[in-house]
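**Q** The structure follows.
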Amino acid sequence: MRRLEITVGGAGILGLWQALTLAGAGHHVRLVDASHEPFAASASRLAGAMLAPECEAEAAPVVVRDMGRLAQARWRAVYPHLVERGTLVVAASRDRPELIRFARLTEAHELRDANGIADLEAALGGRFASGLYFASEAHMSAPDALAFLLDQVRAAGVDVAFGTAIPEALKPGTILVDCRGLAARHHLPGLRGVRGERLVVRAPDVGLTRPVRLLHPRHPLYVVPWLDNHYMIGATVIESEDTGSASVRSALELLGAAYALHPAFGEAEIIEIGAGVRPAFADNVPRVVVRDGGGHIFVNGAYRHGFLLAPVLADAVAQMLSGDPQLHPLVVTRGG
Numbered sequence: 036m037r038r039l040e041i042t043v044g045g046a047g048i049l050g051l052w053q054a055l056t057l058a059g060a061g062h063h064v065r066l067v068d069a070s071h072e073p074f075a076a077s078a079s080r081l082a083g084a085m086l087a088p089e090c091e092a093e094a095a096p097v098v099v100r101d102m103g104r105l106a107q108a109r110w111r112a113v114y115p116h117l118v119e120r121g122t123l124v125v126a127a128s129r130d131r132p133e134l135i136r137f138a139r140l141t142e143a144h145e146l147r148d149a150n151g152i153a154d155l156e157a158a159l160g161g162r163f164a165s166g167l168y169f170a171s172e173a174h175m176s177a178p179d180a181l182a183f184l185l186d187q188v189r190a191a192g193v194d195v196a197f198g199t200a201i202p203e204a205l206k207p208g209t210i211l212v213d214c215r216g217l218a219a220r221h222h223l224p225g226l227r228g229v230r231g232e233r234l235v236v237r238a239p240d241v242g243l244t245r246p247v248r249l250l251h252p253r254h255p256l257y258v259v260p261w262l263d264n265h266y267m268i269g270a271t272v273i274e275s276e277d278t279g280s281a282s283v284r285s286a287l288e289l290l291g292a293a294y295a296l297h298p299a300f301g302e303a304e305i306i307e308i309g310a311g312v313r314p315a316f317a318d319n320v321p322r323v324v325v326r327d328g329g330g331h332i333f334v335n336g337a338y339r340h341g342f343l344l345a346p347v348l349a350d351a352v353a354q355m356l357s358g359d360p361q362l363h364p365l366v367v368t369r370g371g
């Protein structure tokens, strides 16, 4: 295989997986990011970092579920701190129709009664009459996973340059893989921003061991356990490109829903309240867009699926650059 010169722009979750995969395929890779501090301006740092293809099937196209199932194996092979304890989905008694709807739209779950929920999460014992358990799903801490991948990228021999924009003119023959999110929108008509807000709290008295999703017709919630009694609580999905701080309304909605899940969240220490804007295409499916005969490749539109689909997007680019003529379902070729 011919060794290619490749510049990857953007060191978020998509760019890190591209750099790691392409370097592993034997190419010479340079990773550049305009931020001086790693992940300072990346939407990836605000991610829930759940590998939940089954749960995402409730609202996402089937390709997200199918590709997400494949991606889990890639994460498992690369990241030693992946937590594979599944996902628990619950709803208050008055919101049971939401749980029924969720079950109808998804697969690979077990129906659990109150005792079954308590067996999984003792902290929720007696709080919910029924729930759905998705045993195959996994999660991680986004900051820890990003830092680990950056170390792996460097160990793979990638030239990493922060505080560096994509050059105006690349060396002839260099392939550009652009993973800069909304910074690349002038090349990608239809790319939009979707605002998300989330909190990180420290709650020693909660004791959850796996992601829990609390269904509600207006304010659904997910809680992801991190190390040291930290929990990521998210996340709002707002059709807005406002890059400002989280609003009081959103913070109250998230905290109120967390309190409804477990009252010990009422005593939690708020560590961080964050907001960011995620890139998305109209169908909310990430994709690889190929231009200039393969000389300019965009990997974008992560929406809320960046951690889930980053490995398969990287595999799709590596497959294409290897000369494999089979078109990947997440690859779109536009322009010659």
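Counted from 1, the sequence shown has number 91 at position 56 by the working numbering; the numbering is strictly sequential. Note that CB positions come from ideal geometry on N, CA and C, so glycine has one too.
Look at the alpha carbon of E232 and the alpha carbon of L356, and state the distance between them as a whole number of angstroms.
**A** The residue you call residue 232 lines up with position 197 of the sequence shown. The residue you call residue 356 lines up with position 321 of the sequence shown. Their backbone Cα atoms lie some 36 Å apart in a straight line.
**Q** Please decide whether N264 counts as near chain D, where near means a Cβ-Cβ distance under 8 Å.
**A** Protein chain content of the structure displayed is limited to a single chain, and chain D is not contained in it.
**Q** State yes or no: is the C-beta of V193 within less than 8 Å of the C-beta of L66?
**A** The count along the sequence shown starts at 1 and reaches residue 193 at position 158. The count along the sequence shown starts at 1 and reaches residue 66 at position 31. In contact: V193 and L66 (Cβ atoms closer than 8 Å).
**Q** So, with DSSP's three-state summary, where would you put I201?
**A** On the sequence shown, position 166 is the one that residue 201 refers to. Here I201 sits in coil by DSSP.
**Q** Going along the chain, which residues of its own chain have a beta-carbon closer than 7 Å to the beta-carbon of H254, five neighbours each way excluded?
**A** Translated into positions along the sequence shown, residue 254 becomes position 219. Cβ neighbours of H254 beyond the five flanking positions: E288 and A292.
**Q** Name the DSSP beta bridge partners of S275, please?
**A** Residue numbering aside, residue 275 sits at position 240 when the sequence shown is read from its first letter. DSSP output for S275 lists no bridge partner at all.
**Q** Return the bridge partner residues of A126 from the DSSP annotation.
**A** One-based indexing of the sequence shown puts residue 126 at position 91. Bridge partners of A126: L250.
**Q** Counting C-beta neighbours from all protein chains within 10 Å, is the total for R129 16 or more, i.e. buried, or is it exposed?
**A** Mapped onto the sequence shown, residue 129 falls at position 94. Classification of R129: exposed, given that the 10 Å Cβ count is below 16.
**Q** What residue range is occupied by the uninterrupted alpha helix (DSSP H) comprising Y294?
**A** As a first step, residue 294 is located in the sequence shown; it is residue number 259 there, counting from the start. Y294 -> alpha helix (DSSP H) spans V283 to L296.
**Q** Ends of the beta strand (DSSP E) at F74?
**A** Within the sequence shown, residue 74 is the residue found at index 39, counting from 1. F74 -> no beta strand (DSSP E), and no H or E assigned at all.
**Q** Once DSSP output is grouped into helix, strand and coil, what is the label at H174?
**A** The residue labelled residue 174 in the question sits at position 139 within the sequence shown. In this structure, H174 counts as strand in the three-state DSSP scheme.
**Q** Going along the chain, which residues of its own chain have a beta-carbon closer than 6 Å to the beta-carbon of R37, five neighbours each way excluded?
**A** Counting from 1 along the sequence shown, the entry for residue 37 is found at position 2. Excluding positions up to five away in sequence, the list is empty.
**Q** Alpha carbons only, please: which of S70, A95 and L256 is nearest the one belonging to V125?
**A** For the purposes of this step, residue 125 is taken as the residue at position 90 of the sequence shown. Ranking the options by Cα distance to V125, first place goes to L256.
**Q** Along the chain, where does the beta strand (DSSP E) that runs through R65 open and close?
**A** Your numbering for residue 65 matches position 30 in the sequence shown. Per DSSP, R65 belongs to the beta strand (DSSP E) from H63 to D68.
**Q** How would you call R284, buried or exposed, if buried means at least 16 neighbouring beta carbons within 10 angstroms?
**A** In the sequence shown, counting from the first residue as 1, residue 284 sits at position 249. Looking at its Cβ environment, which holds fewer than 16 other Cβ atoms inside 10 Å, R284 is exposed.
**Q** Taking Cβ to Cβ, would you say E93 is nearer than 8 Å to V99?
**A** As a position in the sequence shown, residue 93 is number 58, starting the count at 1. As a position in the sequence shown, residue 99 is number 64, starting the count at 1. The answer is no: Cβ separation not under 8 Å.
**Q** Between P314, D213 and D148, which lies nearest to G161 when the distance is taken from Cα to Cα?
**A** Here residue 161 refers to the residue found at position 126 of the sequence shown. The candidate whose alpha carbon is nearest that of G161 is D148.
**Q** Would you please state the rounded distance, in angstroms, between the beta carbons of G44 and L211? I believe it to be under 8 Å.
**A** The residue you call residue 44 lines up with position 9 of the sequence shown. The residue you call residue 211 lines up with position 176 of the sequence shown. Going by Cβ atoms, the distance from G44 to L211 rounds to 7 Å, so yes, they are a contact pair.
**Q** From the DSSP secondary-structure annotation, give me the bridge partner or partners of L146.
**A** To locate residue 146, count along the sequence shown from 1; it is residue 111. Answer by DSSP bridge pairing, in chain order: L167.
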